[in-house]
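Structure first, then comments.
Numbering (my numbering), first residue to last: 12 to 234.
As structure tokens, this is what we get:
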């Protein structure tokens, strides 16, 4: 796919479902897939999600075993995937520098999922973080498939500038006309004319990607 994709969402539930139900099961089967987790709290939550999915669909266990995890936290441990990088949580600027070092080993045919929002860094250390973010994008290889996330409620001039670093922006929001909480609308904006502009609805059910045998993510970017 080779796109750098920004997903803007209005619900944390939909963010988790996109990552767990579509992105990881689809890409980790045939590409080296890296996941960056920020904080022990986020790691704990993600671990619970992984355990829940494997309990329901044991055939997906291999997908999470193949996952390569980079964790920013206080404990040098990870209960799932291949633990390939640890950044000790403390000084924010040092964290960002160490994260960039960990990302230098990622290859051009790999997938990178930035599960935690870099908006946290921008809020905490301001414009210096934006410069470091530019540095981070500069070291990422061409051909990398990247997924970044941002809640729709989180906005500022610096955060809005981040969009220009991505090839594709997907907006996902709850369908207000739906009678349940499982239907979301999406729109896709692409910097490359006629390559992936689209819109529609996503239906998230208890059945995960493996049973559906398809993925919305790959449908969006289908050539």
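Backbone N, C-alpha and C fix where the C-beta goes; we use that ideal spot for every residue, glycine too.
In this chain, residue 86 is not harboured by any alpha helix (DSSP H), its DSSP state being neither H nor E. Counting only runs of at least 3 residues, the stretch 146–178 fully encloses the following beta strand (DSSP E) elements, listed from N- to C-terminal order: 156–162. In the three-state DSSP reduction, residue 91 falls in the coil class, being neither helix nor strand.
With the rule of 3 Cβ pairs closer than 8 Å, the stretch 70–82 counts as touching the stretch 40–48. If the five residues before and after residue 180 are omitted, its C-beta is found closer than 7 Å to the C-beta atoms of 17, 19, 174 and 200, all from its own chain and listed in chain order. Three or more beta-carbon pairs drawn from the stretch 118–129 and the stretch 152–163 are found closer than 8 Å, and the two stretches are therefore classed as touching. Within the DSSP secondary-structure output, residue 96 pairs in a beta bridge with 81. In the DSSP assignment, residue 41 falls outside any alpha helix (DSSP H) and carries neither an H nor an E.
Contact between residue 150 and residue 111 is confirmed by a C-beta separation of about 6 Å, below the 8 Å threshold. Comparing C-alpha distances from residue 93 to each of 43, 26, 184 and 29 shows the shortest one belongs to 43. CA-to-CA, the gap between residue 188 and residue 22 works out to about 16 Å. The three-state secondary structure of residue 50, taken from DSSP, is coil.
For residue 74, the uninterrupted alpha helix (DSSP H) segment begins and ends at 72–76. Across the structure, residue 71 and residue 65 are spaced so that their CA atoms are roughly 6 Å apart.
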